[in-house]
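Read through the structure below, which is laid out as structure tokens, and then see the notes.
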């Protein structure tokens, strides 16, 4: 039996591999949560916006103490038709008159002149027009006057509407947060018949919370002078809201003279990247006004973080108004924010920002409302790299603090060390903890090296959330610059691979072979000539230490039983490591198999497949992926960090870290058609030659219903023939042209489709092409 000659080919060569990390996904997606969190010990409703959410039946929240259930799914509705608009206007008028009567005790003019309209002879009563089911129209009879105005602005101000299919559907969920739940960030996903959604940030808070009630912009009260204002909020409080196009939100609160308020905005943190907006996130600005309307504070970011923070000491007791809006006055449903106003601790500087494994390390702290000025860092043996901690208080945890733990011996910079004459002498290898304590500050370190020695100069600063934008120079004793670096970027195409949600690769990196024996100097400065107590860094001076880190995306692969799902694994190679990395599942659910689990030498990424057993999972299950490599004669094992491949502003993409890697089963009438590779060795394909690869399968009687498709023809590989016989599906591949060179290695991935027929209009059969999933990845190598 010959199969249609169509194959989906992924990751044939370096440089094309990352292009498919999003394109192959047809999973349900969420774009926002509103509100994106809640107070401990409360129950509240949350709207989840996205697409492909029909049938959502379960809510998964990471960690303990948060419970949620689905209440209702709402389909996307772009705009009301004429009849619906008229019916909504009449309903709003009816409910508005009812609210006014309740307030004044009098009938409105329309009601005083009421009475039933007499129908003319021959006329028939028009059936009522059904309004669409939408969250904003729920319980319409119970809406307040302000809520009625908000509905009118939403549905009748056409110019401000910006429908977006990616967030058009909504799911209403009910969330209960236990009183003893640990505060901080969680991840929330929905489970649908099509699988798990991507994770969204959900925050467990400590302070009482409030939600904005439109209309609440200054202009609204000018146009509607009788509009009642909400009473001032009492502190501490956390305010939730959404910014729509041109929207400006204001909240009032009561404050007392001498209070040291921390006004902390979470906006970009909640939705780190927007694919279809520039600069790629909600750029919130906040301003604070006193009782006379005078602006007393303003911020549009906190250092390099787009989310603003105001540190404000209250000069006079009274009522203050906080205003929040987008810097460009954009807006839509996923412009969600949470603004806390409290006297919780906020750390503005920490030093040092790390320590040696197993060595007791205490950092000094600066900031607002700090219950202590020192913090012991956890340097116990465990995963090396970047760790996170924070101060605790009755107002809730302070802002997160990041620090690094490493095995090298350490020391602290000693001033003065601004020139080569006053340079601090160090013996390598060494990690130096320093900071550029004022604008224009320069730190210089001196070491002795031998001819041919390779030296790595690496800064850890921005990755520890230091505002430092470092610049390093390596010079010899004569002052000759042997190497310098400002920003070290790990990028593959348009994909930034190693900075998470940070968008400025501000940390410096140099790797230089010393030309002769003698004295050398390393100079650390600030590229923008800034400085301060917060401008801390860790400088590594050492020979190369080859190593690697792994990232895997997506963080929630959805797999049909018996089929395979693609996962992209990225190797962040450190200090010149170019060796092979073997990938393996750790403690995977029974029956799951990883195919193509090898990152060839020198490659930065590979597409692997996760094959599911024929029996579906009852519930999503945690998954772990790890990589193993031989480095310097020792076996090194590294766990893969789960990520989401997120697009920023139409072009750039980032591997945004996730807390969990989960696997879920999706249903389908074609489940159970398992494919198993014959052999595990890479397929060796000669240049200008052919090679075959076979899969065992029990699905041969139904193979005529399947199509296999090449996704990228013309990249140097073509499908010559596909034959199903004798319990095997055999594909014959051929290299064409001169695009593929000997030594190229990677994985090929094949996608299966089915033609589904159903009855259409007039009994005529309609056909639709349905993706079923991937065949197991095919490791390959091009040979002479």
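Residue numbers (this note's numbering): 14 to 797. For glycine and all other residues, C-beta sits at the position ideal for the given N, C-alpha and C. Predicted, not measured: the structure shown is a model, and the values here were computed from it.
Does the separation of the CB atoms of residue i and residue j fall below 8 Å?
i	j	result
residue 410	residue 332	no
residue 177	residue 224	no
residue 69	residue 203	yes
residue 61	residue 48	no
residue 762	residue 655	no
residue 546	residue 678	no
residue 368	residue 392	yes
residue 50	residue 309	no
residue 412	residue 426	no
residue 460	residue 481	no
residue 190	residue 361	no
residue 578	residue 514	no
residue 229	residue 277	no
residue 770	residue 785	no
residue 477	residue 415	yes
residue 346	residue 255	yes
residue 199	residue 74	yes
residue 626	residue 574	yes
residue 496	residue 561	no
residue 352	residue 188	no
residue 483	residue 439	no
residue 304	residue 320	no
residue 556	residue 469	yes
Should residue i be labelled buried (16 or more other beta-carbon atoms within 10 Å of its own) or exposed?
i	result
residue 221	exposed
residue 490	exposed
residue 570	buried
residue 701	exposed
residue 128	Legend: pLDDT at residue 128 = 47, less than 50; position of this residue unreliable, no value from coordinates given.
residue 781	exposed
residue 375	exposed
residue 273	exposed
residue 210	buried
residue 155	exposed
residue 697	exposed
residue 541	exposed
residue 778	exposed
residue 568	buried
residue 591	exposed
residue 82	exposed
residue 396	exposed
residue 385	exposed
residue 231	exposed
residue 613	buried
residue 710	buried
residue 141	exposed
residue 789	buried
Where do the ends of the beta strand (DSSP E) carrying residue i lie?
i	result
residue 52	50-52
residue 748	741-748
residue 359	359-364
residue 294	Segment: none, residue 294 is in no beta strand (DSSP E) and carries neither H nor E.
residue 64	56-64
residue 204	197-205
residue 43	42-47
residue 583	577-587
residue 312	308-312
Determine, using beta carbons only, whether residue i comes closer than 8 Å to chain C.
i	result
residue 584	Note that chain C does not occur in the displayed structure, where there is just one protein chain.
Where do the N-terminal and C-terminal ends of the alpha helix (DSSP H) with residue i fall, by residue?
i	result
residue 162	158-169
residue 104	95-117
What do you reckon, is the C-beta of residue i under 7 Å from a heavy atom of the ligand PLP?
i	result
residue 574	This structure lacks the ligand PLP, and indeed carries no ligand of any kind.
Starting from the N-terminal side, write out each stretch of the alpha helix (DSSP H) that is 4 residues or longer and does not extend beyond the region 221-275.
Listed in chain order, they are 231-236.
Segments of 3+ residues assigned as beta strand (DSSP E) that fall wholly inside the region 594-654
594-599, 606-608, 618-624, 637-644
The region 277-290 in contact with the region 661-668 per 3-pair CB rule at 8 Å:
yes
Do the region 90-104 and the region 191-198 meet, that is, are 3 or more Cβ pairs less than 8 Å apart?
No, the region 90-104 does not touch the region 191-198.
Just list the alpha helix (DSSP H) runs in the region 461-494, keeping only unbroken ones of 4 residues or longer that don't cross its boundaries, in chain order.
none
Do the region 486-505 and the region 546-562 meet, that is, are 3 or more Cβ pairs less than 8 Å apart?
no
Between the region 777-797 and the region 748-761, do at least 3 Cβ pairs fall closer than 8 Å?
yes
Tell me the start and end of each unbroken alpha helix (DSSP H) in the region 508-571 that is at least 4 residues and wholly inside, in chain order.
none
Is it a yes or a no for the region 506-525 touching the region 420-437, going by three-plus beta-carbon pairs under 8 Å?
no
Please specify which runs of the alpha helix (DSSP H), each continuous and at least 4 residues long, are wholly inside the region 371-404, giving them in chain order.
none
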